[in-house]
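S.K.:
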Amino acid sequence: MFETLLLNFLFLLFPVLIVLIFFENRPHSYNRKILILLSAVTMILCITKPIKLEMGFIFDLRYIPFIIVALFGGYKSVLPLYLILNIYRFYLGGDGVIYSFLFSTAVFILVPLFSKKFIKLDSKSRIIGATAISFLTMGFYLMILSILVGTLDRQFWILTFHALTTHVGVMSIIMLLIERIIANIKNRDRILQSERLNVVSELAASVSHEIRNPLTVTSGFLQLLNKSNTITPVEKGYIELSLQELNRAEKIVSDYLSFAKPQSENMVYSNLKAESEYTKNLIIPYATIHQVEVQFIFNNSLNTNYDRNQIQQCLINLFKNGIEAMKDKGGGTLLIDISERKQNIMISIQDSGVGMTKEEISRMGKPYYSTKAEGTGLGMLMVYSTINKVKGTIEVDSEKGKGTTFLITIPT
Numbered sequence: 001m002f003e004t005l006l007l008n009f010l011f012l013l014f015p016v017l018i019v020l021i022f023f024e025n026r027p028h029s030y031n032r033k034i035l036i037l038l039s040a041v042t043m044i045l046c047i048t049k050p051i052k053l054e055m056g057f058i059f060d061l062r063y064i065p066f067i068i069v070a071l072f073g074g075y076k077s078v079l080p081l082y083l084i085l086n087i088y089r090f091y092l093g094g095d096g097v098i099y100s101f102l103f104s105t106a107v108f109i110l111v112p113l114f115s116k117k118f119i120k121l122d123s124k125s126r127i128i129g130a131t132a133i134s135f136l137t138m139g140f141y142l143m144i145l146s147i148l149v150g151t152l153d154r155q156f157w158i159l160t161f162h163a164l165t166t167h168v169g170v171m172s173i174i175m176l177l178i179e180r181i182i183a184n185i186k187n188r189d190r191i192l193q194s195e196r197l198n199v200v201s202e203l204a205a206s207v208s209h210e211i212r213n214p215l216t217v218t219s220g221f222l223q224l225l226n227k228s229n230t231i232t233p234v235e236k237g238y239i240e241l242s243l244q245e246l247n248r249a250e251k252i253v254s255d256y257l258s259f260a261k262p263q264s265e266n267m268v269y270s271n272l273k274a275e276s277e278y279t280k281n282l283i284i285p286y287a288t289i290h291q292v293e294v295q296f297i298f299n300n301s302l303n304t305n306y307d308r309n310q311i312q313q314c315l316i317n318l319f320k321n322g323i324e325a326m327k328d329k330g331g332g333t334l335l336i337d338i339s340e341r342k343q344n345i346m347i348s349i350q351d352s353g354v355g356m357t358k359e360e361i362s363r364m365g366k367p368y369y370s371t372k373a374e375g376t377g378l379g380m381l382m383v384y385s386t387i388n389k390v391k392g393t394i395e396v397d398s399e400k401g402k403g404t405t406f407l408i409t410i411p412t
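Residue numbers (full-length UniProt numbering): 1 to 412.
(1) I need the DSSP call for Thr4, collapsed to helix, strand or coil.
(2) Does Pro50 come out as helix, strand or coil in the three-state DSSP assignment?
(3) Assuming Phe103 and Ile47 are in contact, meaning their beta carbons sit under 8 Å apart, how far apart are those beta carbons, in whole angstroms?
(4) To the nearest angstrom, how far is it from the Cα of Phe298 to the Cα of Asp337?
(5) Report the CB separation of Gly355 from Val292 in whole angstroms; it is logged as a contact under 8 Å.
(6) Do three or more CB pairs link the region 92 to 106 to the region 120 to 136 at distances below 8 Å?
(7) Report the rounded CA-to-CA distance for Leu318 versus Glu399, giving the unit in angstroms.
(8) Confirm, please, whether the CB-CB distance from Ile67 to Thr137 is below 8 Å.
(9) Does the distance from the C-beta atom of Val111 to that of Ala70 stay below 8 Å?
(10) Do Ile119 and Phe72 have their C-beta atoms closer together than 8 Å?
(11) Would you mind sorting Asp351 into buried or exposed? The rule is 16 or more other CB atoms within 10 Å of its CB.
(12) Please look up how many angstroms separate the CB atoms of Ile323 and Ile283, rounded, as I've assumed it's under 8 Å.
(13) Under the assumption that Leu243 contacts Leu222 (Cβ atoms under 8 Å), give the Cβ distance between them as a whole number of angstroms.
(14) From Gly379 to Asn184, what does the alpha carbon distance come to, in whole angstroms?
(15) Can you give the beta carbon distance from Glu250 to Leu215, rounded, assuming they're within the 8 Å contact cut?
(16) Among the candidates Lys186, Asn281 and Pro15, whose CA atom is the shortest distance from the CA of Thr42?
(17) Could you compute how far the alpha carbon of Tyr63 sits from the alpha carbon of Ser134?
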């Protein structure tokens with residue numbers, strides 16, 4: 001029994017290790033297909049090599065990959081596993097085919113219902129939740145088996161003990177490994193993003209300061225020349241056009257300076273109330289033009305250090321993006337909610353716009369990537385840079401056609 005248990009455990013590790021080693025850097029949709037395929041292989045192997053007890057009873061771990069895929073992927077991901085499980089079970093034949101089909105159908109209908117809530121849980125809660133569902137699934141299966149068997153002798157209770165402890169133990173270990181891998185990937189991405197933003201900040205600061213000096217000198221001389229009485233109206237027009245272009249260049253430089261380190265003269269220790277209300281009032285006319293209603297909720301008493309100008313620009317960029325996401329849908333509601341949770345300032349910005357795919361979300365904040373045709377990506381890069389400077393994190397929850405929610409967590 002112990003050797004078969006280890007073999008089944010190896011089957012369950014198979015998809016996790018394969019994806020981690022070979023497919024980690026592939027697109028999300030590609031990874032999902034590979035995981036479903038590997039989970040199906042794992043399920044078939046678990047059915048083929050069941051765990052045999054000395055008294056003659058057998059059980060397998062087919063529902064562990066089934067439950068994990070159902071919780072993380074929902075109905076769309078677990079449907080292929082449901083079909084493969086029942087086709088293979090009918091192929092094997094024997095007693096209990098109909099009962100297996102009915103039970104797997106019940107699991108298929110019920111478990112994915114918890115998928116959306118499950119994904120939003122923290123790591124520890126997901127481990128406990130998946131383990132509890134595995135325990136209940138096997139407990140329900142054993143309860144049905146007890147009704148069919150009729151007499152509950154000592155051998156049945158030994159089967160119950162082994163089946164429940166095996167499913168709980170193996171599910172806990174597999175979920176622990178999955179959550180550790182997810183945490184490592186997130187930490188790696190966070191470090192890479194932080195390094196990328198630091199490089200952008202340093203480059204922006206050095207280049208912008210060097211460019212601004214000659215721009216200021218040139219602008220000053222052109223303004224003096226523009227006051228001269230010896231130049232023709234045509235030449236004045238050229239000078240004014242040159243001054244306009246210099247002002248535009250100055251604005252571009254200022255935008256790049258927003259990636260630089262916080263300026264000491266702009267640093268404040270506050271609860272974001274003044275900055276959030278200012279940016280909200282600033283964006284309302286723009287929202288009104290596009291038939292967007294702005295709902296603002298502020299309930300925060302926690303203070304932290306931040307650059308006022310950079311935080312204002314960060315909020316403006318997020319508000320503006322939310323409004324523009326609803327522009328093509330003829331309007332909507334922009335919900336801004338600033339609250340506190342466990343010594344963290346929580347900023348939630350929710351729109352009912354066009355939404356984004358998981359691929360688009362994964363590329364948010366990268367230089368020169370934008371979901372808008374005319375966008376440069378520098379706005380979101382500035383957002384990520386600003387939040388990174390206050391040691392905060394950004395979570396994006398979006399569904400195509402339904403809207404997007406940005407959840408910013410700033411520790412105090």
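Every residue gets a Cβ at the ideal spot worked out from N, C-alpha and C, and that includes glycine.
M.R.: Well, looking at it:
(1) Looking at Thr4 - three-state DSSP - the assignment turns out to be helix.
(2) Three-state DSSP puts Pro50 in coil, outside helix and strand.
(3) With a Cβ gap of about 13 Å, Phe103 and Ile47 do not count as contacting.
(4) So the two alpha carbons sit approximately 6 Å from each other.
(5) That pair is no contact at about 15 Å.
(6) Taking 8 Å as the limit for Cβ pairs, the verdict is that the region 120 to 136 does not touch the region 92 to 106.
(7) If you take the alpha carbons of Leu318 and Glu399, they lie about 17 Å apart.
(8) Yes, Cβ-Cβ distance for Thr137 and Ile67 is below 8 Å.
(9) Cβ atoms of Val111 and Ala70: closer than 8 Å.
(10) Inclusion of Ile119 and Phe72 in the CB contact set at 8 Å is warranted, their separation being smaller than that value.
(11) So Asp351 counts as buried.
(12) Between Ile323 and Ile283 a beta carbon distance of about 7 Å is seen, short of the 8 Å cut, so the two are scored as contacting.
(13) Taking a contact as a CB-CB distance under 8 Å, the pair Leu243 and Leu222 counts as one, their CB atoms being some 5 Å apart.
(14) Using only the alpha carbons, I get a separation of about 28 Å.
(15) Contact flag correct, Cβ pair sits at about 6 Å.
(16) Closest option to Thr42, Cα to Cα, is Pro15.
(17) When the Cα atoms are used, Tyr63 and Ser134 turn out to be separated by approximately 8 Å.
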